[in-house]
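Sequential numbering from 1363 applies to the sequence shown in this note's numbering. In this text, a Cβ means the ideal position worked out from N, Cα and C, and glycines have one as well. For clarity, every value in this text was computed on a predicted model and none was experimentally measured. First comes the structure, then the notes that go with it.
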Amino acid sequence: MQKIGIFYGSLTGNTELAAKQIQKEFGADVAKIFDVAKAKADDIEQFSNLIFASSTWDDGDMEEDFEDFLPEISSVNLKGKKVAIFGCGDQESYPDTFVDAIGKIYEAVKEKNCEIVGMVSTDGYEFEDSKAVVDGRFIGLPLDEENQSDLTDDRIKTWVNQLKKEFD
Ligand SMILES: Cc1cc2nc3c(=O)[nH]c(=O)nc-3n(C[C@H](O)[C@H](O)[C@H](O)COP(=O)(O)O)c2cc1C
């Protein structure tokens, strides 16, 4: 498998922690991790496998560092690259905008000729609406540390196993 670049935006540390767990599951020799507050387009370019991650804030917004990072992503030619997305949210307090940031990242990259991988069933989540749901499935992995933190480890392990098959 080609090396993987994990780029995360996290305000209170939940998505950061999950990104570190995901890195550990792949192995630190395979996956490199970047806080988007300090990353640049050059950092993205070197990887053919990418993971973008942002928590959701303020009724459906991306985490602000990730929002600021979007122009860097836009400046990179993603053609031929594989992209997976994850993010933390809270399905009980924000059931109408649950993990919307995952859907917004998808919107930002989907026209850039990359292949989106890592889709996940909505089974086991309870929410009303989410921009992360595309054709009945989550376009990336939602994690919910507020209400389902006991499921996070298994969700990460299952997702990483899926990505090991879907990435190049
Ligand atoms: C003011 C506020 C607004 C939030 N808005 C949303 C939201 O619209 N959708 C959602 O799924 N989660 C929302 N959340 C929950 C956060 O995404 C959640 O706490 C997440 O774990 C934070 O991850 P981070 O520490 O990586 O930033 C909100 C939390 C707060 C405190």
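Requested in this report: Determine the burial state of Asp1452: buried for a count of at least 16 other Cβ atoms within 10 Å of its Cβ, exposed for fewer.
Outcome: Of the other Cβ atoms in all chains shown, 16 or more fall within 10 Å of the Cβ of Asp1452; this residue is therefore buried.
**Report entry** Assigned exposure category for Gly1498 - 16 Cβ within 10 Å defines buried
**Finding:** By the Cβ-count criterion, Gly1498 is exposed, with fewer than 16 other Cβ atoms from all chains shown falling within 10 Å of its own Cβ.
Query - Whole beta strand (DSSP E) elements within the segment 1459–1522, 3-residue minimum - result: The qualifying runs are 1503–1505.
Query raised in the report: Do you know how far the Cα of Asp1430 is from the Cα of Phe1369?
Result: Roughly 13 Å between the two C-alpha positions.
Requested in this report: Return the residue from the list Ala1494, Gly1449 and Asp1491 that minimises the CA-CA distance to Ile1384.
Outcome: Ranked by how close their Cα comes to the Cα of Ile1384, the residues Ala1494, Gly1449 and Asp1491 have Gly1449 in first place.
Query raised in the report: Buried or exposed: which applies to Pro1433, given that a residue is buried once 16 or more other Cβ atoms fall within 10 Å of its Cβ?
Result: The residue in question, Pro1433, is exposed, as its Cβ has fewer than 16 Cβ neighbours within 10 Å.
**Report entry** Beta carbon proximity, Leu1505 to chain D, threshold 7 Å
**Finding:** Chain labels in this structure do not include chain D; a single protein chain is all it has.
Query raised in the report: For the 8 Å Cβ check, are there 3 or more pairs between the segment 1488–1497 and the segment 1395–1411?
Result: No: the two stretches stay apart, fewer than three of their Cβ pairs being nearer than 8 Å.
Query - Boundaries of the alpha helix (DSSP H) in which Asn1411 is found, first to last residue - result: Note, Asn1411: premise wrong, no alpha helix (DSSP H); beta strand (DSSP E) at Asn1411 to Ser1416.
Query raised in the report: Hey, would you say the C-beta of Gly1486 is under 6 Å away from at least one heavy atom of ligand 1?
Result: When distances are taken from the beta-carbon of Gly1486 to the heavy atoms of ligand 1, even the shortest one reaches 6 Å or more.
Query - For Thr1377 and Phe1428, the rounded distance between their alpha carbons - result: The alpha-carbon separation between Phe1428 and Thr1377 amounts to approximately 12 Å.
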